[in-house]
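Novice: Chains as they are written, first to last, in numbering that gives the first Met the number 0: chain A, 0 to 313; chain B, 0 to 254.
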Amino acid sequence: MKAFTVSKAVTALMLAGLVLLPLYSQLSGNIFILTLFTRIVILALAAASLNLIMGFGGMMSFGHAAYLGIGGYAVGMLAQEGVGSGFIQFPVALAASAIYALVIGALSLRTRGVYFIMITLAFAQMAYYVASGLARYGGDDGLTVYKRSDFSGLINLSDRTQFYYLCLACLFAVIFLIWRIVNSRFGLVVQGLRSNEQRMQAIGFPAKRYQLVCFVISGTMCGLAGALLANNTDFVSPAVMYWTRSGDLMVMVILGGMGTLFGPVMGAVVFLLLEEFLSQITEYWALIMGPLLLLIVLFGRGGIMGALGRAGRG
Amino acid sequence: MAEPLLRVEKLVRRFGGIIATDNVSLDVASGELHAIIGPNGAGKTTLISQLTGHLEPHSGSVSLAGRDITYLSAYRRCALGLARSFQITSLLLDFTAADNVALAAQAHAGHSFRFFTNARKEKGLRDAAHAALDRVGLLHRADVVVSRLSHGERRELELAVALASKPKLLLLDEPMAGLGVTESQRMVKLLQELRKEVSIVLVEHDMPAVFALADRISVLVYGRVIASGDPATIRANEDVKRAYLGDQHVVTHHG
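1. For Thr95 (chain B), list the residues DSSP reports as bridge partners.
2. Applying the criterion that 16 or more other CB atoms from any shown protein chain within 10 Å of the CB defines a buried residue, is Gln197 (chain A) buried or exposed?
3. Find the residues of chain A that neighbour His107 (chain B), judging by a C-beta separation of less than 9 Å, and give them in chain order.
4. According to the neighbour-count rule (16 or more other Cβ atoms, all chains shown, within 10 Å of its Cβ), is Pro290 (chain A) buried or exposed?
5. If I follow the unbroken beta strand (DSSP E) through Ala238 (chain A), where does it start and stop?
6. Going by DSSP, which residues form a beta bridge with Asn155 (chain A)?
7. Any idea which residues DSSP pairs Arg223 (chain B) with across the strands?
8. Suppose only complete runs of 4+ residues qualify. What are the alpha helix (DSSP H) ranges in the stretch 53–131 of chain B, listed by chain order?
9. Roughly how many whole angstroms lie between the Cα atoms of Gly299 (chain A) and Gly311 (chain A)?
10. Going along the chain, which residues of its own chain have a beta-carbon closer than 8 Å to the beta-carbon of Phe185 (chain A), five neighbours each way excluded?
11. In the structure shown, what three-state DSSP assignment does Thr44 (chain B) receive?
12. Starting from Ile18 (chain B), follow its DSSP beta bridges and name the residues at the other end.
13. Please tell me whether Ala242 (chain B) has its Cβ less than 8 Å away from any Cβ of chain A.
14. Taking the alpha carbon of Ala82 (chain B) as the reference point, which residue from B:Pro166, B:Asp205, B:Val7 has its own alpha carbon closest?
15. Please determine if the stretch 100–119 of chain A and the stretch 163–183 of chain A are in contact, where contact requires at least 3 C-beta pairs separated by less than 8 Å.
16. CA-CA distance, Leu158 (chain B) and Ala97 (chain A)?
17. In or out: Met0 (chain A) buried (at least 16 other Cβ within 10 Å) or exposed?
18. Using only alpha-carbon positions, find the residue among A:Ala267, A:Arg109, A:Val250 that is nearest to Leu321 (chain A).
19. Excluding the 5 residues preceding and the 5 following Ile233 (chain B) in the sequence, name in chain order all residues of the same chain whose CB lies nearer than 7 Å to its CB.
20. Spatial neighbours of Leu124 (chain B) within its chain, please: C-beta separation below 6 Å, excluding the five flanking residues on both sides.
21. Shorter than 8 Å from the beta carbon of Tyr209 (chain A) to some beta carbon of chain B?
22. Please classify His139 (chain B) as buried or exposed, where buried requires at least 16 neighbouring CB atoms within 10 angstroms.
23. Quick check on Pro237 (chain A): buried or exposed, where buried means 16 or more other Cβ atoms within 10 Å of its Cβ?
24. Less than 6 Å between C-beta atoms, sequence neighbours within five positions excluded: which residues of the same chain meet that for Arg194 (chain B)?
25. Which whole-angstrom value is the C-beta distance of Val74 (chain A) and Asn231 (chain A), which I expect to be below 8 Å?
26. Tell me the rounded alpha-carbon separation between Thr281 (chain A) and Phe36 (chain A).
27. If you measure between the beta carbons of Glu121 (chain B) and Leu137 (chain B), is that distance less than 8 Å?
28. Cβ of Leu193 (chain B) less than 8 Å from any chain A Cβ?
29. Just how far apart, CA to CA, sit Ile32 (chain A) and Phe270 (chain A)?
30. For Thr45 (chain B), which residues from the same chain have a beta carbon less than 7 Å from its beta carbon, with the 5 sequence-adjacent residues on both sides left out?
31. With respect to the beta strand (DSSP E) encompassing His33 (chain B), which residues constitute its N-terminal and C-terminal limits?
32. With Ile202 (chain A) as the anchor, note down where its beta strand (DSSP E) starts and where it stops.
33. Under 8 Å, with one C-beta from each stretch per pair, do the stretch 141–160 of chain A and the stretch 1–20 of chain A reach the 3-pair mark?
34. Between the beta-carbon of Leu171 (chain B) and the beta-carbon of Val145 (chain B), is there less than 8 Å?
35. Does any residue of chain B have a CB that is nearer than 8 Å to the CB of Ser194 (chain A)?
36. Rounded to a whole number of angstroms, what is the C-alpha to C-alpha distance between Val220 (chain B) and Leu162 (chain B)?
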């Protein structure tokens, strides 16, 4: 057994970088990079949650951005109504995401393959239009969150560094949970269902029940990302739920490596840094980004993690 | 007379105008090895699918140990003690052999809503998996990923997976399919051992194997059971010879 591999080394380097980033930001006086990376960490959390159902569970959800919106709107709407406590906002955000996932999952999991992709997409678009219609909460224009979630002095979300570390802690906690889940009895069943559903039913597993619970866990995790995102931008709008955002999350997962623990984090970092970097060079950055992603997906089977794994062996 | 373990009564399944299962009735007694044979297209797989719950019959009933299971889902039947192997090997290709078997054991150890402890380190499940692998002679391949196992090994693994669920009745859909001569002989030997512990319904094309193993044979032609009885009776049956065995000299030669 080889304990030290290229992919492990790169992952460790990336994680160390994420942990030390505020220090760099402080020393160099570059505040922008901290803001950028807060966003990256939050979307990495969202991608990691999508990876749980997509990579490990084989459920290609094309509507995962809906949870970003639900989590975000839970925070924004409560703030608007005068409920500023994070101890209320965050649990509500998670619960709302869980309930949405339960309903959508129960309906979507009746279908398979392309139909599952289409129906999750359709539900997310529905959520998008519902949010656009919320006149009281800004409708199309979105909702400004004037005050970040208040954790009564425990942690101050308006402090950049503290907020960054909160997001990072959430990301690590979620990845730790996913790690435990995929190796548990439950996780093996879900992965078995990805591999061969007919066989799993023949040995006695009711498929849908397990897939639905996995779907809800994943949605709840992404709702957390949504609540953090609203705090990060001090704003939530229907646009966070738009289908292109769901597509971005899928790209992050595939780019980093589906079904790997840290792949989605890697994918989010590379995707968002590329987006940032390319959009500074040219207005037509998507023209470069698209083909670049295509190349990575075509030639780096298993995403970045897959490529690193091969580099380690070869 | 004691209640048979499996009772199939007047089962009918149509596909459009074709009657794939035409009033099939058969009993499998406890401890029996009951073989179902028939030429291609006789409706064997359709029949098996109705026994396992992958296909619903249009009329008739299936009962296991006195309990009506006609419309029960596949996983519920499995919980009641009905295990199957697939004609075309159907395993979790990206899991190891031991994982495949351990999952079957896990399915029968209560629900799997356990999220936190590492299932691969649960001794009970691993032991059960290793015991079942040992039973079919695959213990030395326990930690090999299924996609790297040979076809013969996969057939044996199918059996180990079915055994791990501690079934009362084993439905084997062509376990010798695609096996070489020596592999087939090993499989026959293995089934001869297993039949001492569990009742078996065997669907098989390999006639020497069927006649060597079966207590009773039912012959299916165009969805209908045209004969049912012990191997000697079947071998002597004129209808069967005409419909099916006519040119299979190997049967008459085989002891």
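C-beta: ideal position from N, C-alpha, C; glycine also.
Specialist: Checking against the coordinates, here is how it stands:
1. B:Val144
2. exposed
3. Ile202, Gly203
4. exposed
5. Here Ala238 (chain A) belongs to no beta strand (DSSP E), and DSSP marks it neither H nor E.
6. A:Asp149
7. B:Val220
8. 73–78, 96–106
9. 14 Å
10. Tyr209, Val212, Cys213
11. helix
12. B:Arg13
13. no
14. B:Pro166
15. no
16. 40 Å
17. Its pLDDT being 42, under 50, Met0 (chain A) is placed unreliably in this model, and the value from its coordinates should be taken loosely. Result: exposed.
18. Limits of chain A in this structure are 0 at one end and 313 at the other, which puts residue 321 (chain A) out of reach.
19. Ile216, Val218, Ala226, Val239
20. Ala101, Ala104, Gln105
21. yes
22. exposed
23. buried
24. Leu32
25. The pair is not a contact, with the Cβ atoms about 11 Å apart (cut-off 8 Å).
26. 21 Å
27. no
28. no
29. 15 Å
30. Arg12, Ala19, Thr20, Leu54
31. 32–36
32. Unbroken run through Ile202 (chain A): none, as it is neither H nor E.
33. no
34. no
35. yes
36. 30 Å
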